[in-house]
Amino acid sequence: MRAGGDDNHVRRALSAAVRGRVSKGGNIRPVPEDLRIDGKVCLITGANAGLGKAVAVDLARRGAHVLMACRSGHPQAGQEVRRLSGSGRVEMLRVDLADLDSVARLCDELKSSARRIDIAVLNAGLIPRLARRTPQGYEVMFAVHFLANRMLVARLLADGLIRPRLQGEEAPRIVFVGSEAHRSAGPIDFDRFGTFIDYGLRDSLKHYGLSKLHLCTYAQELSRRLNPASETRVAVHSLCPGPVATGIAREAPVFLRPLIYPLMRLFCLSPRRAARPVVYLCCAGETGRRSGAYLHVMRETRPSRLAMDKDAGARLWQESEALLERHAPVPGGVSVQRPSSGPGRGPP
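First residue of the sequence shown? That's 139 in our numbering, and the numbers climb one at a time after it.
What follows is the structure, given as structure tokens:
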């Protein structure tokens with residue numbers, strides 16, 4: 139790898155961190171420390187470290203029954219969440235989001251328990267140095283940030299574990315942890331959708347931004363399909379937590395780590411502080427009564443124009459549905475009917 143690629147990688151990461159710090163003051167207040175969600179079941183992916191673990195601690199402390207969905211080898215993470223939250227209602231579930239077969243096994247396990255999910259936080263993420271193929275042949279960020287979440291949500295809905303609100307009930311919530319990096323991506327190339335593209339360190343952030351555009355576009359489309367007219371049946375939200383001092387840069391070259399980690403400590407938010415917008419979307423009363431919100435740290439804004447594009451959302455839904463039906467069929471299908479709103483607005 140040319141030195142210029144490494145330098146570009148660092149400059150862009152630092153620039154994103156600075157922008158996040160500048161805009162961290164927002165127009166939303168964190169939910170009160172004493173707000174309780176006793177008895178609610180919360181599924182959190184990537185909960186073994188960093189932001190995901192901070193969210194798990196906070197929600198467990200508020201009385202939730204927390205399901206930590208992580209890769210294997212992290213039993214101590216569950217023990218630490220129990221200790222820090224003072225709650226014994228914390229379970230560890232095993233899943234590798236880079237492997238659709240593993241996601242399917244997690245869904246089967248959840249279905250067999252017949253446990254209703256009140257809040258799902260889809261948080262897991264990574265930035266690899268080099269392109270990697272998943273067992274199904276996809277680029278790993280496309281799989282982890284988008285396709286695994288697409289499959290997981292489809293199964294939770296199809297299996298009745300996330301049930302749209304009935305009259306007199308609270309709406310369940312789905313919260314996607316995205317990134318402002320989605321704004322750096324160009325339009326989704328549906329002619330090559332899902333095709334593995336090789337890249338090196340120079341282009342890793344480019345593909346990270348694209349994978350987050352997939353996720354943010356999907357979140358908006360899911361919200362439209364689950365909530366016809368003005369009725370909130372499932373509250374679907376997404377956010378960028380800002381730059382977080384976590385292990386997401388763990389694959390940076392060894393010679394760059396002495397530079398990157400001090401910069402992260404200087405410019406990035408602690409996981410506990412970065413968890414505030416996630417917890418707000420999970421717990422605040424107002425975010426349970428509406429859908430489609432997007433937060434950048436503690437400021438409500440809108441995703442990019444591309445992420446909000448309804449035609450792109452419908453195409454993304456259709457193309458990803460075809461991928462899931464090919465590799466990991468969802469019992470009963472993965473479709474959620476889209477409300478009709480004129481020509482070309484029917485279900486895919």
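By construction, the Cβ of each residue, glycine as well, lies at the ideal position given by its N, Cα and C atoms.
Computed from a predicted structure; not experimentally measured.
**OP:** Identify every run of the beta strand (DSSP E) within the segment 332-359, keeping only runs that are complete inside it and at least 3 residues long; order them along the chain.
**Re:** none
Subject >> Gly188 beta carbon less than 9 Å from that of Val382 >> reply: yes
Subject >> Under 9 Å between C-beta atoms of Ala431 and Glu438 >> reply: yes
Subject >> Selection from Cys354, Ser210, Gly201 and Ile326 that minimises the alpha carbon distance to Leu260 >> reply: Cys354
Original post:
Are Asp311 and Gly177 closer than 9 Å when you measure CB to CB?
Top reply: Residue identity differs from the one stated: residue 311 is Arg in this sequence, not Asp. No, the Cβ-Cβ distance between Arg311 and Gly177 is not below 9 Å.
**OP:** Please decide whether Leu222 counts as near chain C, where near means a Cβ-Cβ distance under 9 Å.
**Re:** The displayed structure is made up of one protein chain only, and chain C is not part of it.
**OP:** Write down every uninterrupted run of the alpha helix (DSSP H) in the segment 211-240 whose length is 4 residues or greater and which is fully enclosed by it, in chain order.
**Re:** 213-223
Original post:
Run through DSSP, which three-state label would Thr272 get?
Top reply: coil
Original post:
Terminal residues of the continuous alpha helix (DSSP H) containing Ala445?
Top reply: Arg443 to Met446
Subject >> Continuous beta strand (DSSP E) stretch holding Met289: start and end >> reply: It is not in any beta strand (DSSP E) - Met289 instead sits in the alpha helix (DSSP H) that spans Ala286 to Ala296.
**OP:** Work out the CA separation of Leu419 and Asp256 for me, nearest whole Å.
**Re:** 13 Å
Subject >> Tyr356 beta carbon less than 9 Å from that of Phe314 >> reply: yes
Original post:
DSSP on Cys406, reduced to helix/strand/coil?
Top reply: coil
Original post:
Taking Cβ to Cβ, would you say Leu205 is nearer than 9 Å to Leu181?
Top reply: yes
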